[in-house]
Amino acid sequence: MRNTGAKIQCTNPNCQVFNLESENFCSQCRTPVIKRYLWGMGTTAASFKTGELVGDRYLVKQPRIFLDIKPGQIPDLPEDLPAEIAPYLLLFPYRLHLPQIYGLLPNPLGEVIWLLEYNYLPLSKESILKNGELFSPLTEVWSEASGLRQLNWLWQMATLWQPLFSQKAAWSLLNPSLLKTKGQMIQLQELDLNPEPEPQLADLGNLWTEWVKQSSPEIKDFLAQLCTELQTGQIKRVKKLVSILDQAIYKLGKEQQRNYQVFTLTDAGPSREHNEDNCYPSSGSFVKEPSMAIVCDGLGGQEGGEIASRLAVEILEEQLNQLNFEEKLWRPEANIKELDRIIREANDKISERNDLEKRKERQRMGTTLVMTVAQAHELYYHYIGDSRIYLITKNGTYQLTVDDDLASREVRLGYSLYRDALQYPNSGALTQALGMASSGGLHINHRRLILDEDCLLLLCSDGLSDYDRIEQYWENKILPALTQGISLATIGSQLINMANEKNGHDNATIALLHCQVTPLDQTTNLVWSEIQPSIPTIPPEDNSEDLSLGEMPTVPVKLVSPPENIEPLLQSKATQEVAQPQTTTKSSPFKPLVALLSLLLLGGLGGLGWFVYKNVLTTTQNASDPVNIPNPINPDPTPESPQDLKEGDIIQITDNLPTVDSNPEAEATPETDNPSTVEPNPQ
C-alpha cells in the first residue's frame with residue numbers, strides 16, 4: 001500500500017486524530033505527536049519500498065527504517081519469545097547504547113522481522129532522515145571529532161565489552177557497520193550474535209588500528225601504542241584497558257574548563273496535601289559550582305515519605321560536602337565506592353529509624369534517589385527507584401537511568417518485551433527503595449558520564465516523568481536552556497507547571513544541572529609512558545563490582561536474602577504507596593544449619609536432620625550460594641507473575657536474575673566460563 005504523506009495518530013485516547021509528520025502537536029488536542037523511527041532486522045526488511053504502509057501501521061521512510069503511525073497502540077508480539085532475542089532482553093540495563101525489541105513487523109513474505117527502538121530522542125527538525133540513517137556511522141564522523149571525543153567513544157566500547165561478551169554479542173563491537181553515534185554516545189544499530197569463536201581483546205586492537213591514521217594528532221601515537229598492546233596480548237583484561245583509557249581521558253580533560261549551575265524546585269501538586277519529595281540544593285535555589293544535585297521521592301505514607309526523603313538529603317548533603325576526591329592519580333572506581341558508601345550510610349540510618357520507631361508494613365518509610373556528582377571531566381550518577389535522570393544536548397536527549405520497577409525486571413528476566421511489560425497491572429511497582437531495609441540487600445545503580453560538550457542534566461521525580469512527559473516536551477520546554485539561553489529558573493518553573501497541568505497526580509521535583517564546557521588554550525599530546533593504569537589489588541573474597549567499567553551490572557550479581565523480618569518492597573504509581581514489608585518468621589540462613597548439627601550431636605537423629613536440611617535449609621537462599629537463573633524466554637508460571645498482581649498486593653522478589661558477573665577477580669574472558677550462563681530454575 002502506498003502512502004503519499006505520513007500522518008501519525010494522536011496518542012491521546014480521547015482524541016486519536018491523525019496529524020502530519022511535520023507537526024509537533026496534535027491539531028485538535030495539542031498533545032505532542034510521538035514519532036518513533038524503528039529499525040527492521042531480517043534480510044527482507046529492506047525489500048519494502050519507501051512510502052509503503054506495512055500492516056496499516058508502519059510507514060517505510062527509508063530501507064529498513066519504519067515510522068510507527070499508531071504509536072499509542074501496543075506493537076504486535078508473539079505468544080512465545082524466541083531464544084534469539086534473549087540477549088536484547090538480558091542487556092536491557094544497557095539500553096543507553098543498545099536497542100530494544102519493539103515488536104514484530106507484519107511480513108507477507110513469511111520471514112520474521114523484528115523492529116528495534118532506541119533510547120535516543122532526536123530533534124523534530126531532524127525527523128526527515130538523511131542518507132537513510134537513524135544515526136551517523138562512527139567511521140564517517142571519527143576524523144571530525146576531537147581527541148577527547150574519540151577517546152570517549154573508545155571508552156564506551158571498552159565498557160560495553162564485558163556485558164556483550166557475557167551474552168555472546170561482543171562481535172557487535174567489532175562490526176563497523178553496526179557502530180553508530182549521535183554526538184557523544186556510541187549506539188549499536190543491532191546486536192551481532194555471531195556463532196563464530198568468541199572474540200579476543202586483540203580483535204578490538206585490530207579494529208582500532210584502522211582508525212589511527214584519522215585520529216586527532218594529540219592521541220595518534222598513544223592510540224597506536226594502545227592497539228599494539230592489545231594485539232600482542234599485553235592487555236588481556238578489559239579492566240586494564242578501561243583504566244588506561246580513563247587515565248588518558250583525564251589528561252585530555254584538563255584541556256577544557258567546566259562550569260556548573262544548578263536550579264532546584266519542588267511542588268506538592270494539585271492533588272496532594274503533603275509534599276513527600278525533597279532535593280538538594282534546597283527548593284528554589286540557584287547556585288553555581290556545587291557540581292552535585294539530589295532528588296528524592298518519599299514513599300510509605302504522608303509522614304513517613306516526608307521524613308525519609310528529608311533524612312536522605314540531609315545525610316547525603318553532609319557527607320558529600322566532606323568529600324575530597326584525589327585527582328593526582330585518577331581513581332574513578334575508588335570515587336564510586338566512596339559514593340556508594342555514603343548512600344548505604346543514608347539507607348541504614350533511615351532503616352534504623354524505621355526499626356527504632358517500630359514502623360512495620362505500610363508505616364515503614366523509604367525514598368527513591370537520583371544523585372549526580374561532577375568531578376574533573378566526568379559525572380557520577382547514582383539512582384535507586386523510579387526517579388530519573390535525563391541528558392539533554394543540542395543533538396537530542398537520552399534517559400540515563402533505568403527504573404527499578406516491575407516492568408524493567410520482567411524484561412531483564414527475559415519474561416517480556418518492554419512495551420508489553422508496561423501494560424501489566426502494577427508494572428510501575430518498585431523493586432527497591434532507599435531506607436526500607438538494611439543496605440545488605442540494596443543494589444545501588446551507578447554509572448559514569450564523560451562531559452565533553454555543553455549539556456543539561458535533568459533529575460526529576462515521577463510526578464514529572466510519568467506518562468512520558470519528558471519525551472513529549474523536552475525539545476520545547478528544556479532544550480531552550482542550551483539553544484536560546486533561557487534561564488534554569490524559567491525552565492524549572494515551566495516543568496513544574498507542566499507536571500501539575502499534564503499529570504497532577506503526585507508531587508513533582510526537579511533539579512537542573514547545566515554544564516558549560518569551554519576549551520582552554522592548551523594542547524596535550526598523550527605520551528604512552530606517562531599513562532599508568534590504576535587497578536587496585538582486590539582480595540579474592542571481595543565480590544565488589546568492577547567499578548572502573550562505569551557501567552551498572554545487568555542485575556545484582558548475587559541474590560541477597562532479605563534481612564530477617566523484612567521483605568522486598570513494591571510501590572504502585574497509581575497510589576504512590578509502597579507495598580510495605582511483611583513480618584516473616586524466616587530465620588537466618590545459618591540457623592537451620594546450627595539446629596541440624598545440634599540434632600545430630602544430641603540424639604543421632606540423622607533422619608530428622610536430613611529432613612530439616614532438605615525442607616528448611618534449602619528453602620532459604622544464602623547470599624553466597626550459586627545463582628540459579630530461570631529460563632529467560634519460557635519461564636514456568638509462578639504466583640509472582642505480574643499478570644496475577646492486584647493493586648496494593650505485596651509480593652516477594654526471590655527470582656535469581658541473569659547477570660553480568662562484575663567480580664573483578666572473575667572477569668569473563670575467552671579463557672574463562674561465561675558468568676551468565678542460563679540454568680533452569682530448580683524451584
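Each step along the sequence shown adds one to the number in the working numbering, with nothing skipped, and position 220 is 220. We put the beta carbon where it would ideally sit given N, CA and C, even for glycine.
Where residue i falls: helix, strand or coil (DSSP)
i, result
"A437", "coil"
"M498", "helix"
"Q516", "strand"
"C227", "helix"
"M157", "helix"
"G396", "strand"
"S136", "strand"
"F92", "helix"
"N503", "helix"
"V262", "strand"
"D203", "helix"
"G366", "strand"
"E117", "strand"
"K7", "strand"
"L479", "coil"
"R469", "helix"
"P217", "helix"
"G65", "It is worth fixing the name first, because residue 65 is Ile in this sequence and not Gly. Of the three classes helix, strand and coil, the one that applies to I65 here is strand, per DSSP."
"L424", "First, the residue type needs correcting, since residue 424 is Tyr and not Leu in the sequence shown. Three-state result, Y424: coil."
"Y250", "helix"
"Y415", "coil"
"P13", "coil"
"D404", "coil"
"I101", "strand"
"Q256", "strand"
Length of the line joining the Cα atoms of residue i and residue j
i, j, result
"I384", "N445", "6 Å"
"N119", "A308", "31 Å"
"Q62", "A376", "42 Å"
"L449", "P519", "18 Å"
"P71", "K35", "8 Å"
"R310", "N278", "6 Å"
"Q319", "K239", "29 Å"
"P425", "A407", "10 Å"
"R30", "E21", "14 Å"
"I294", "V313", "7 Å"
"I74", "V373", "38 Å"
"S624", "H443", "Caution applies to S624, whose pLDDT of 29 falls short of 50 and renders its modelled position unreliable; the model cannot decide the point."
"D506", "H274", "10 Å"
"P163", "L188", "13 Å"
"I343", "T401", "17 Å"
"I315", "A346", "6 Å"
"Y58", "I8", "10 Å"
"Q423", "E410", "12 Å"
"Q322", "L379", "18 Å"
DSSP bridge partner residues for residue i (one or two, in chain order)
i, result
"C460", "R388, I510"
"M41", "In the DSSP output, where bridge partners are listed per residue, M41 has none listed."
"C455", "C515"
"Q322", "None, per the DSSP bridge assignment."
"K180", "P137, Q187"
"K288", "Q261"
"H382", "M371, H446"
"P32", "F25"
"G298", "T367"
"P122", "G396"
Whether residue i touches residue j by CB criterion (8 Å)
i, j, result
"Y515", "L451", "One point to set straight first is that residue 515 is Cys, not Tyr, in the sequence displayed. Yes, these two residues count as a Cβ contact at 8 Å."
"V33", "N19", "yes"
"L458", "L369", "no"
"L121", "E471", "yes"
"P533", "Q225", "no"
"G463", "T367", "no"
"L81", "Q167", "no"
"L193", "P87", "yes"
"L173", "L160", "yes"
"G428", "D405", "yes"
Residue i: CB within 7 Å of a non-hydrogen atom of the ligand ZN
i, result
"L81", "Absence of the ligand ZN is noted for the structure shown, with no ligands found whatsoever."
Inspect the CB distances between the stretch 33–50 and the stretch 106–122 and report whether three or more fall short of 8 Å. Proximity of the stretch 33–50 to the stretch 106–122 meets the contact definition, three or more beta-carbon pairs being nearer than 8 Å.
Report yes or no: do the stretch 400–420 and the stretch 100–108 share at least 3 C-beta pairs separated by less than 8 Å? Result yes; three or more Cβ-Cβ pairs closer than 8 Å.
Within the chosen definition, does the stretch 387–402 reach the stretch 174–193 through at least 3 CB pairs nearer than 8 Å? Flag = yes, the stretch 387–402 and the stretch 174–193 touch.
Would you say the stretch 249–268 touches the stretch 494–502, given that touching needs at least three Cβ pairs under 8 Å? Verdict: yes, contact present.
Counting pairs of Cβ atoms below 8 Å between the stretch 249–263 and the stretch 137–153, do you hit three or more? Yes, the stretch 249–263 touches the stretch 137–153.
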